[in-house]
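Colleague: Okay, here's the structure, questions in a sec.
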Amino acid sequence: MEWGMANRMAQLIQADGRCVFLPIDHGYFQGPTRKLEQPRKTLEPLLPYADAVFITRGVLRSSVDPDNAKPIILRVSGGVSMVGKDLAHEGLTTSIEEAIRLNVSAVGISIFVGSDYEHDSLLNLSKLVDEGEKYGIPVMAVTAVGKEMEKRDARYLALSSRIAAELGARVVKTYWCPDFEKVVRGCPVPVVMAGGPQVDTELEVFEFIHDGLSKGAVGVNLGRNIWQNDHPVAMVRAIRALIHENATPQEAQGVYDSVKNEGS
Ligand code: 5RP
């Protein structure tokens with residue numbers, strides 16, 4: 015691996031081999047998502063606890079100060095909305111020159127395996143990898159399911175994750191699922207887990223992260239289950255403990271409770 019690529023990968027995946035990516039890119043198709051109506055307000059208290067932030071260029075420019083940032087994973091696919099015809103019909107929205115100008119550590123794109131736009135999204139990934147590799151910028155592929163959340167089983171996610179890696183993604187973001195080892199085993203590049211819509215209890219989140227880590231995931235790219243929680247700082251600190259301090263789910267719950275009781 016060339017120096018630039020290796021250096022950017024090291025900005026993302028920390029020296030312990032783990033990472034906490036914080037995605038706040040949801041607005042690119044969901045608009046002002048609940049608790050992300052004002053991205054700066056959501057992000058500021060969480061920023062110290064993120065290893066990298068997944069974000070579009072518009073929110074990066076408007077809501078993150080360049081002298082107080084973390085490594086950036088720039089969301090560069092989109093062109094769809096919740097009220098449009100098909101969430102899978104994404105294209106590339108941001109050029110590699112813009113990514114370089116913004117000094118990002120990686121670029122991120124969704125793929126939609128099994129959808130009507132499978133072919134387009136996979137070629138978009140391939141083109142982005144070609145561009146990224148020219149300049150030493152890693153690509154994170156997101157195995158997206160659009161509105162079909164029921165697709166998130168090990169067979170489907172293993173298929174999508176492997177295809178993403180085959181096409182050159184340096185990191186794959188997928189959902190945690192039962193039998194997660196099947197997803198990680200078939201994917202020869204680092205895998206990070208997303209959370210999807212907010213689940214009922216904090217402990218459920220800690221348990222699935224812990225399970226995914228024990229099965230080989232290197233960390234998370236977890237959004238709504240952090241910033242839609244009533245105590246987002248407590249949540250992100252508990253998740254950091256799981257990821258960087260090998261805490262158990264119960265220990266993570268202890269971190270959550272104590273930070274929450276401090277008033278965060
Ligand atoms: C949506 C994304 C998010 O980055 C990803 O889904 C992670 O967020 P969450 O944990 O809220 O699902 O790709 O645009």
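Numbering-wise, the sequence shown is residues 15 to 278 according to the numbering used here. Where a beta carbon is used, it is the ideal one built from N, C-alpha and C, also for glycine.
For Leu-60, does the three-state DSSP call read helix, strand or coil?
Modeller: As a position in the sequence shown, residue 60 is number 46, starting the count at 1. Of the three classes helix, strand and coil, the one that applies to Leu-60 here is coil, per DSSP.
Colleague: Could you give the first and the last residue of the continuous beta strand (DSSP E) run that contains Asn-235?
Modeller: As a working note, residue 235 is residue 221 in the sequence shown. Counting along the chain, the beta strand (DSSP E) containing Asn-235 begins and ends at 233-235.
Colleague: Given that a residue counts as buried once 16 or more other Cβ atoms are within 10 Å of its Cβ, and exposed if not, what is Ile-38?
Modeller: By one-based count along the sequence shown, residue 38 stands at place 24. Buried is the call here.
Colleague: Go to Met-154, then tell me how far its beta strand (DSSP E) extends in each direction, as first and last residue.
Modeller: Here residue 154 is taken as the residue at index 140 of the sequence shown, counted from 1. Counted as a single uninterrupted DSSP element, the beta strand (DSSP E) harbouring Met-154 occupies residues 153-157.
Colleague: Restricting to Cα atoms, I'd like to know which of Pro-211, Leu-61, Tyr-170 and Leu-50 is closest to Gly-128.
Modeller: Position 114 of the sequence shown holds residue 128. Closest by C-alpha distance to Gly-128, out of Pro-211, Leu-61, Tyr-170 and Leu-50, is Tyr-170.
Colleague: Going by Cα to Cα distance, which pick from Asp-65, Gly-72, Glu-16 and Ile-125 is closest to Gly-41?
Modeller: The sequence position of residue 41 within the sequence shown is 27, counting from 1. When each option's Cα is compared against that of Gly-41, the closest is Gly-72.
Colleague: Compare the C-alpha of Gln-28 against each of Val-206, Gly-268, Ser-135 and Leu-106 and name the closest.
Modeller: Translated into positions along the sequence shown, residue 28 becomes position 14. Relative to Gln-28, the option among Val-206, Gly-268, Ser-135 and Leu-106 whose CA is nearest is Val-206.
Colleague: Taking the alpha-carbon of Leu-36 as reference, which of Thr-56, Val-67, Leu-74 and Ser-228 has the nearest alpha-carbon?
Modeller: As a working note, residue 36 is residue 22 in the sequence shown. Of the listed residues, the one whose Cα sits closest to Leu-36 is Val-67.
Colleague: According to the neighbour-count rule (16 or more other Cβ atoms, all chains shown, within 10 Å of its Cβ), is Ser-228 buried or exposed?
Modeller: Numbered from its first residue, the sequence shown carries residue 228 at position 214. It counts as exposed.
Colleague: Beta-carbon within less than 6 Å of Ala-102's beta-carbon, same chain only, minus the 5 sequence neighbours each way: which residues are those?
Modeller: The residue given as residue 102 occupies position 88 in the sequence shown. Cβ neighbours of Ala-102 beyond the five flanking positions: Phe-126, Ser-129, Tyr-131 and Gly-160.
Colleague: What is the residue span of the beta strand (DSSP E) that Tyr-131 lies within?
Modeller: Residue 131 sits at position 117 when you count from the first residue of the sequence shown. Where Tyr-131 is concerned, there is no enclosing beta strand (DSSP E), given that its DSSP letter is neither H nor E.
Colleague: The alpha helix (DSSP H) spanning Ala-113 covers which residue range?
Modeller: One-based indexing of the sequence shown puts residue 113 at position 99. 110-115 is the extent of the alpha helix (DSSP H) around Ala-113.
Colleague: Residues in the same chain with beta-carbon distance under 8 Å from Val-143, minus the five sequence neighbours each way, listed in chain order, please.
Modeller: If you number the sequence shown from 1, residue 143 lands on position 129. Within the same chain, Val-143 has close Cβ partners Val-153, Leu-181, Gly-182 and Ala-183.
Colleague: For ligand 1, is there any heavy atom lying closer than 6 Å to the beta carbon of His-103?
Modeller: Along the sequence shown, one-based indexing puts residue 103 at 89. Because no heavy atom of ligand 1 lies under 6 Å away, the Cβ of His-103 does not count as near it: no.
Colleague: Is Arg-238 near ligand 1, going by C-beta to nearest heavy atom under 6 Å?
Modeller: Along the sequence shown, read from residue 1 onward, the residue named residue 238 stands at position 224. Answer for Arg-238: yes, Cβ within range of ligand 1.
Colleague: Does the beta carbon of Asp-39 fall short of 6 Å from some heavy atom of ligand 1?
Modeller: In the sequence shown, residue 39 corresponds to position 25, counting from 1. Correct: Asp-39 has its Cβ closer than 6 Å to ligand 1.
Colleague: Leu-36 lies in the beta strand (DSSP E); which residues open and close that run?
Modeller: Taking the sequence shown and counting its residues from 1, one reaches residue 36 at position 22. Leu-36 -> beta strand (DSSP E) spans 33-37.
Colleague: Assuming Leu-116 and Leu-74 form a contact by the criterion Cβ under 8 Å, report the distance between their Cβ atoms to the nearest whole angstrom.
Modeller: Counting from 1 along the sequence shown, the entry for residue 116 is found at position 102. Counting from 1 along the sequence shown, the entry for residue 74 is found at position 60. Indeed, because the Cβ distance is near 6 Å, the residues count as touching under 8 Å.
Colleague: Taking just the CA atoms, how far does Val-185 sit from Val-53?
Modeller: Your numbering for residue 53 matches position 39 in the sequence shown. Your numbering for residue 185 matches position 171 in the sequence shown. The sequence shown places Pro at residue 53, rather than the Val named in the question. Whole-angstrom Cα-Cα distance: 25 Å.
Colleague: Would you report the Cα separation of Pro-62 and Val-234, rounded to the nearest angstrom?
Modeller: Here residue 62 is taken as the residue at index 48 of the sequence shown, counted from 1. Here residue 234 is taken as the residue at index 220 of the sequence shown, counted from 1. Distance between the alpha carbons of Pro-62 and Val-234 is about 16 Å.
Colleague: Tell me which residues share the same chain as Arg-251 and place their Cβ nearer than 7 Å to its Cβ, disregarding the 5 neighbours each side in the sequence.
Modeller: Taking the first residue of the sequence shown as 1, we reach residue 251 at position 237. Cβ within range, chain order: Tyr-63, Val-269 and Val-273.
Colleague: Does at least one heavy atom of ligand 1 sit under 6 Å from the Cβ of Phe-68?
Modeller: In the sequence shown, residue 68 corresponds to position 54, counting from 1. Result yes, Cβ under 6 Å from ligand 1.
Colleague: Under the criterion of a Cβ to heavy atom distance below 6 Å, does Pro-210 qualify as lining ligand 1?
Modeller: If you number the sequence shown from 1, residue 210 lands on position 196. Strictly speaking, residue 210 in this sequence is Gly, with Pro absent from that position. For ligand 1, at least one heavy atom lies less than 6 Å from the Cβ of Gly-210.
Colleague: Here's a check: name, in chain order, each residue in its chain whose Cβ is nearer than 6 Å to the Cβ of Val-118, leaving out the five neighbours to either side.
Modeller: On the sequence shown, residue 118 is found 104 positions in, with the first residue counted as 1. Excluding positions up to five away in sequence, the list reads Ile-86 and Leu-88.
Colleague: What do you reckon, are the CB atoms on Pro-192 and Val-232 nearer than 7 Å?
Modeller: Indexing the sequence shown from 1 puts residue 192 at position 178. Indexing the sequence shown from 1 puts residue 232 at position 218. It is not a contact, given that the beta carbons lie outside the stated cut-off.
Colleague: Below 6 Å, is the gap between the Cβ of Asn-138 and the nearest heavy atom of ligand 1?
Modeller: Here residue 138 refers to the residue found at position 124 when the sequence shown is read from its first residue. Every heavy atom of ligand 1 is 6 Å or more from the Cβ of Asn-138, so no.
Colleague: Starting from the Cα of Asn-21, find the closest Cα among Gly-209, Gly-277 and Ile-151 and give me that residue.
Modeller: On the sequence shown, position 7 is the one that residue 21 refers to. Checked all of Gly-209, Gly-277 and Ile-151; the closest Cα to Asn-21 is Ile-151.
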